[in-house]
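Notes to accompany the following structure.
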Amino acid sequence: MGWHYHYLDKRKGRSNVVLCWDTRWEPPEDEEERKAQGPRPIFWEYHGEGNADFKAQPDLWGDPKRQSMREVCASDLKRNISEFRPASDDAEPVWPLWSILTPRAVTPPPAAPAGPAGGKKKGR
Numbered sequence: 131m132g133w134h135y136h137y138l139d140k141r142k143g144r145s146n147v148v149l150c151w152d153t154r155w156e157p158p159e160d161e162e163e164r165k166a167q168g169p170r171p172i173f174w175e176y177h178g179e180g181n182a183d184f185k186a187q188p189d190l191w192g193d194p195k196r197q198s199m200r201e202v203c204a205s206d207l208k209r210n211i212s213e214f215r216p217a218s219d220d221a222e223p224v225w226p227l228w229s230i231l232t233p234r235a236v237t238p239p240p241a242a243p244a245g246p247a248g249g250k251k252k253g254r
């Protein structure tokens, strides 16, 4: 599973939302580009909806709340990013709000085994 964050209310009730880092994001090597691109983005997604104490409304979160949530979670980035659960493909950005999830690498399917020489199968 990896590290991820359950969104709780002020009474510590668990919601149907978790926060996950974009674990595939790579910071640019150029410092100017890094400043322009901003910090590693964090995303939200629905999770464990059957076990939730309440339904969160992330679409209603304002910028101050979103920034604060990212800042609180960012203290854990001292860990290796591979220890975190990757955000799912349908996750939505928490902060920065304009973030786009880094796509998964496409792995080509394994090559089909070579058939017999001549291209014909032997009949029985």
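Here the numbering used here runs 130 ahead of the position in the sequence shown, where the first position is 1.
In this text, a Cβ means the ideal position worked out from N, Cα and C, and glycines have one as well.
Within a 10 Å sphere around the beta-carbon of Leu227 sit fewer than 16 other beta-carbons, which makes this residue exposed.
Following the DSSP letters along the chain, one finds Ser198 inside the alpha helix (DSSP H) bounded by residues Asp193 to Ala204.
Under DSSP, Tyr176 shares a beta bridge with Val147. In terms of Cβ geometry, Gly143 and Asp183 form a close pair [threshold 8 Å].
Counting only the Cα atoms, Pro216 lies some 6 Å from Asp152. One Cα belongs to Ala241, the other to Ser229, and the distance between them is close to 35 Å. In this model, Glu163 and Val148 are separated by some 29 Å (Cα to Cα). In this structure, Pro223 places its C-beta atom within 8 Å of the C-beta atom of Pro171.
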